[in-house]
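Protein chains in written order, with my numbering: chain A, 7 to 304; chain B, 109 to 207.
Even for Gly, the Cβ is constructed at its ideal location relative to N, Cα and C.
In what follows, a single structure is set out as structure tokens and then discussed.
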């Protein structure tokens, strides 16, 4: 009887990313771009600074995206996107969406001042940060998005990262921009919904996407989606949105959070952690979760 | 996957053929990434419930939906195994590539 079923697709069928791109096997970032473009549609311009996506897209004169791309300098994703938007407005094009697409290094560290400037001017752009928690493109160096306890090439096992991850959503929400949200590649419907919602809003919109990286996290390529899902289910990366810095909404309520050890043990970058260190990470996750719940209740 | 584009590599024979500024004029479809994989996914369509989950999660956009059935594009599939892992019916298995 199953043969009679009709296939119902929960996300748009339109495909703006073609295969043949240069991402590693099981790349979360390429899946994130695929889902984002499904939501935004053909009338989009992407500004990509130096990040994994600068490579994934392909060398000149080829491209794996069906939309215009502007490759810009590392720190200028937000300011380039503001410029592209201003140019489009000058020629009378108000429909085209301008998307700045940067990695966590280009958002949390290097591009932060450009992003903060664009958010302060409330430029009409969508800024999407796909977060793979280190500088994966150049060889897994620590960034301020790297979580507590993680191994990277610049924080080796003996000196693993001792500082927690930067709260970028808190920083962006403090700019009082119209829309700030988190999304995960394991929840495509939620992600497409958020990008569609962002497309309708005017002003700076920031979307933080969790994109696992099998090469840098030393995890199996087939675990990409499982890891992204576990990150949400453990409360490590909750799905929520903030409107005008005031209205915090939790999109996915988790009744019973899974222990963080389940998420950590799938990744080679956390292999060195002892039980007391895992307990320390669990404590940090719990504290973040409580803080988020408090904000969402208001 | 758009069918309009050609899977052809663009090669410039002289500087006169090059565009004035660096711009994308071709598609990456020429790059057949199927050569990267060691294991390949095989779908058992008799068990498929047409949920579309394999198509939804493919990071290489190499699962096409043809006449309501998922079909793997072996020219581009990199063999990451996400489809086999996420399939709720477990009807996708990864088998070793033989060449």
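(message) Could you compute how far the alpha carbon of residue 302 of chain A sits from the alpha carbon of residue 248 of chain A?
(response) Sequence index remark: in the first chain, residue 302 of chain A carries index 296 (1-based). Sequence index remark: in the first chain, residue 248 of chain A carries index 242 (1-based). When the Cα atoms are used, residue 302 of chain A and residue 248 of chain A turn out to be separated by approximately 9 Å.
(message) Quick check on residue 88 of chain A: does DSSP put it in helix, strand or coil?
(response) Within the first chain, numbered from 1, the residue matching residue 88 of chain A stands at position 82. For residue 88 of chain A, the secondary structure class from DSSP, reduced to helix, strand or coil, is helix.
(message) Within 7 Å of any Cβ in chain B, is that where the Cβ of residue 67 of chain A sits?
(response) The residue labelled residue 67 of chain A in the question sits at position 61 within the first chain. Residue contact with chain B for residue 67 of chain A: present (Cβ-Cβ distance below 7 Å to some residue of chain B).
(request) Return the chain-ordered list of same chain residues with a C-beta closer than 8 Å to the C-beta of residue 21 of chain A, the five sequence neighbours on each side being excluded. (result) Locating residue 21 of chain A in the first chain gives position 15, counting from the first residue. Once the five neighbours on either side are set aside, the close Cβ partners of residue 21 of chain A are 40, 44.
(message) Contact defined as beta carbons within less than 8 Å: I believe residue 161 of chain B pairs with residue 202 of chain B. What is the distance between those atoms, to the nearest angstrom?
(response) What you label residue 161 of chain B is simply residue 53 of the second chain in a count that begins at 1. What you label residue 202 of chain B is simply residue 94 of the second chain in a count that begins at 1. Rounded, the Cβ-Cβ distance is 16 Å, inconsistent with contact.
(message) Let's see if you can read the secondary structure: which residues bound the beta strand (DSSP E) around residue 109 of chain A?
(response) Your numbering for residue 109 of chain A matches position 103 in the first chain. Residue range 103 to 109 is occupied by the beta strand (DSSP E) that includes residue 109 of chain A.
(message) Under 8 Å: do the stretch 205 to 213 of chain A and the stretch 123 to 138 of chain A share three or more Cβ pairs, one atom per stretch?
(response) Yes, since at least three Cβ pairs between the stretch 205 to 213 of chain A and the stretch 123 to 138 of chain A fall closer than 8 Å, the two stretches touch.
(request) Report back the beta-carbon spacing between residue 136 of chain B and residue 64 of chain A to the nearest angstrom; my notes put them in contact at under 8 Å. (result) Counted from its first residue, the second chain places residue 136 of chain B at position 28. Counted from its first residue, the first chain places residue 64 of chain A at position 58. That pair is a contact at about 4 Å.
(message) So, at 7 Å on beta carbons, what are the nonlocal neighbours of residue 290 of chain A in its own chain, with the 5 sequence-adjacent residues on each side left out?
(response) To locate residue 290 of chain A, count along the first chain from 1; it is residue 284. Closer than 7 Å at Cβ, skipping near neighbours: 154, 170.
(request) Could you please give me the residues that DSSP links to residue 134 of chain B through a beta bridge? (result) On the second chain, position 26 is the one that residue 134 of chain B refers to. For residue 134 of chain B, which the question treats as bridged, DSSP gives the partners A:68.
(message) Measuring straight from C-alpha to C-alpha, what distance separates residue 77 of chain A and residue 144 of chain A?
(response) For the purposes of this step, residue 77 of chain A is identified with residue 71 of the first chain, where counting begins at 1. For the purposes of this step, residue 144 of chain A is identified with residue 138 of the first chain, where counting begins at 1. Approximately 17 Å, taken between the alpha carbons.
(request) Taking the CB atoms as reference points, tell me whether residue 166 of chain A and residue 38 of chain A lie closer together than 7 Å. (result) Here the question's residue 166 of chain A lines up with position 160 in the first chain. Here the question's residue 38 of chain A lines up with position 32 in the first chain. Taking 7 Å as the Cβ cut-off, residue 166 of chain A and residue 38 of chain A do not qualify as a contacting pair.
(message) Strictly under 7 Å for the Cβ-Cβ distance: is residue 24 of chain A near chain B by that measure?
(response) On the first chain, position 18 is the one that residue 24 of chain A refers to. At least one CB of chain B lies nearer than 7 Å to the CB of residue 24 of chain A.
(request) Measuring alpha carbon to alpha carbon, tell me which of A:256, A:221, A:243, A:192 ends up nearest residue 266 of chain A. (result) As a first step, residue 266 of chain A is located in the first chain; it is residue number 260 there, counting from the start. Between residue 266 of chain A and the set A:256, A:221, A:243, A:192, the nearest pair of CA atoms involves A:243.
(request) Could you work out which residues of chain A lie near residue 194 of chain B, taking near to mean beta carbons separated by less than 7 Å? (result) Here residue 194 of chain B is taken as the residue at index 86 of the second chain, counted from 1. Under the 7 Å cutoff, chain A gives 231.
(message) For residue 250 of chain A, report the span of its alpha helix (DSSP H) as first-last.
(response) As a first step, residue 250 of chain A must be located in the first chain, where it is residue number 244. Looking at the DSSP string, residue 250 of chain A is not in any alpha helix (DSSP H), and its letter there is neither H nor E.
(message) For a test of the three-state rule: what should DSSP assign to residue 149 of chain B, helix, strand or coil?
(response) Taking the first residue of the second chain as 1, we reach residue 149 of chain B at position 41. Residue state for residue 149 of chain B is assigned as strand, using DSSP reduced to three classes.
(message) Would residue 128 of chain B pass as an interface residue toward chain A - the criterion being a Cβ-Cβ separation below 7 Å?
(response) Your numbering for residue 128 of chain B matches position 20 in the second chain. Answer no: the Cβ-Cβ gap between residue 128 of chain B and chain A never drops below 7 Å.
(request) Write down the C-beta distance between residue 278 of chain A and residue 107 of chain A rounded to the nearest angstrom, noting that I regard them as a contact closer than 8 Å. (result) By one-based count along the first chain, residue 278 of chain A stands at place 272. By one-based count along the first chain, residue 107 of chain A stands at place 101. At roughly 33 Å, the Cβ-Cβ gap does not stay under 8 Å, so residue 278 of chain A and residue 107 of chain A are not in contact.
(request) Could you say if the stretch 173 to 185 of chain B and the stretch 124 to 136 of chain B meet the contact criterion of at least three C-beta pairs nearer than 8 Å? (result) The stretch 173 to 185 of chain B vs the stretch 124 to 136 of chain B: no contact.
(message) Rounding to the nearest angstrom, what Cα-Cα distance links residue 240 of chain A and residue 142 of chain B in this structure?
(response) By one-based count along the first chain, residue 240 of chain A stands at place 234. By one-based count along the second chain, residue 142 of chain B stands at place 34. One Cα belongs to residue 240 of chain A, the other to residue 142 of chain B, and the distance between them is close to 35 Å.
(request) Rounded to whole angstroms, what's the CA-CA distance from residue 272 of chain A to residue 294 of chain A? Just pull it up for me. (result) Position 266 of the first chain, counted from the first residue, corresponds to residue 272 of chain A. Position 288 of the first chain, counted from the first residue, corresponds to residue 294 of chain A. Roughly 22 Å between the two C-alpha positions.
(request) Can you give me, in chain order, the residues of the stretch 208 to 234 of chain A that have a beta carbon less than 9 Å from any beta carbon in chain B? (result) Cβ contacts with chain B come from 220, 226, 227, 228, 229, 230, 231, 232.
(message) By the three-class DSSP mapping on this structure, what secondary structure does residue 211 of chain A have?
(response) The residue labelled residue 211 of chain A in the question sits at position 205 within the first chain. Residue state, collapsed to three classes: strand.
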